[in-house]
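Presented below is the structure to which this report refers.
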Amino acid sequence: MGKQLRRFTRQIGKVRPESRHNRLPPAIGIVINLLGVNAVNQSYKRTKIIQYLMLTMLLVLVFLVSAYAGSMRKAGKIGQNKGAAGSTAGQDPDGTGTGDPEQQPSGSKNPQQSDSAQGDSKQGDSKQGNSAQGDSEQGDSKENNPEQENSEQRNSKQGDSEQETSGQAEKGTIVLDAGHGGFDPGVSGASGIAERELNLIFAQKLEKLLTDEGYRVVQTRPTQEGLYDVGQSHKKAQDMQRRCAVIEKEKPLVTVSIHQNSYPDSSVSGPQVFYYAQSKEGERLAECIQKCMNEQLEVKSPKTHKGNASYYILKRSVGTTVIVECGFLTNPEEEKLLQDEAYQDRAVCAIRDGILQYLDSNL
Ligand SMILES: [Zn+2]
């Protein structure tokens, strides 16, 4: 009888672990049932549970390790990009916003000073030559910049909203590029007016005229803000790259970049149009606009359109691009005129007529 009782107690003892299993969390209980371990002896069940727990822990560990590795890779990439940006920042001559070439007096090194027959034209060009040198350096920093891949994102960011609101172009697209903006005021006159503000006013007035003519107009800089990211260490280079990216994306019939001029000699005045020296189409467009401006604005000492081989927007943009320097902010009389709404309207009408003449002659 005592033997039987002991055997019975052992039997109960074997059952007891199962009752402990019943106190395990329901999820594990379900798994145990699924594994069918209830039908097997208790030590086997324990082994199974331990195996299951270990497997679960292993899977969680693998997941955590891979997630950590992924985040480290990402962080590594960002670090690399930042490093690259830092390395090119030193090459950006305008990174601080104080180095606008247009604000610098012309130097005697300018090769364009010797090839101009006309006094006024020569002086105007000398400023442009300096400007071109500065921008071309920015172009080089662009070439070395691995962040070029971002241009597509930038395009979609800046271009899409334009496209949505502008609707379908009947005659084609024209890109207008209001120079400077944001941290970069461009040149300024005696009254304190900044070039960036006038450039946008001219560009917006011209947009209206061209839209009325049935063209779809895209502004590279639709507001007073520049086209660079906040915290960007080489703002000017990024700003210029993004302007070119908009032009590349839109593939316009023509691009017209709007600027105001400056020169140490305050007597220098009058509009002047620049084109990329190797572009026949650019030359024709510049000639048309220059002619219309000279005639319609009754310029006293008219300038001739001028080729330029290094100005960033001319050199780096696709298609036919010209820069229209509407006048000199350093000339007190012209500075007043450039701020006069009636004169602004006449000036943009002249620019529009020049563009239309060029486009019509291409039909
Ligand atoms: Zn400018």
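Just add 1 to wherever you are in the sequence shown, counting from 1, and you've got our numbering. Quick reminder that beta carbons are idealized off the backbone N, C-alpha and C, glycines included.
Pull up the CB-CB distance for residue i and residue j, whole angstroms please, since I reckon it's below 8 Å.
i	j	result
A343	L298	Actually they are not in contact, since the Cβ atoms of A343 and L298 sit about 11 Å apart, beyond 8 Å.
P272	M241	Wrong, their Cβ atoms sit about 23 Å apart, outside the cutoff.
V325	V257	6 Å
V218	E208	4 Å
On a CA-only basis, which of the options is nearest residue i? Give me that one, please.
i	options	result
I290	G215, G227, K307, P253	K307
C327	K316, D354, N262, D346	N262
V319	E335, G355, Y276, E336	Y276
L228	G193, S268, D185	D185
R353	V231, Q205, E196	Q205
P253	H181, T321, L357	T321
E214	N363, C350, Q52	C350
V323	S311, A195, F329, E226	S311
G232	I356, G183, S192	G183
S302	V269, K337, L286	V269
L211	V247, L177, Q239, V188	L177
E282	K237, S362, A195, R244	S362
Where residue i and residue j are concerned, what is the direct C-alpha to C-alpha distance, given to the nearest angstrom?
i	j	result
T331	N309	22 Å
K250	R222	15 Å
L201	L315	19 Å
Q340	F203	10 Å
E334	V255	31 Å
V419	I259	Shown here, the chain extends from 2 to 364; a query on residue 419 therefore has no answer.
L360	G180	23 Å
L338	A246	33 Å
G364	Q358	Correcting the residue identity first, residue 364 is Leu in this sequence and not Gly. When rounded, the distance between both Cα atoms is 10 Å.
H235	Y264	26 Å
In three-state terms, what does DSSP make of residue i?
i	result
R222	coil
A343	helix
T166	Summary for T166: the model assigns pLDDT 45, below 50, so the residue's position carries little reliability, and this model does not support an answer.
V300	coil
Y276	strand
L360	helix
E326	strand
V255	strand
A191	coil
D230	coil
N111	Reliability of the predicted coordinates at N111 is poor, the pLDDT of 32 falling under 50, and the value obtained from them is presented with this limitation in mind. If DSSP states are grouped into helix, strand and coil, N111 belongs with coil.
V176	strand
N332	coil
Looking at ligand 1, does it come within less than 7 Å of residue i, judged from the CB to the closest heavy atom?
i	result
G328	no
H181	yes
E196	yes
Q261	yes
V325	no
V255	no
V188	yes
Is there a Cβ from chain B that is less than 8 Å from the Cβ of residue i?
i	result
G283	Considering every chain present, this structure includes no chain B. It has just one protein chain.
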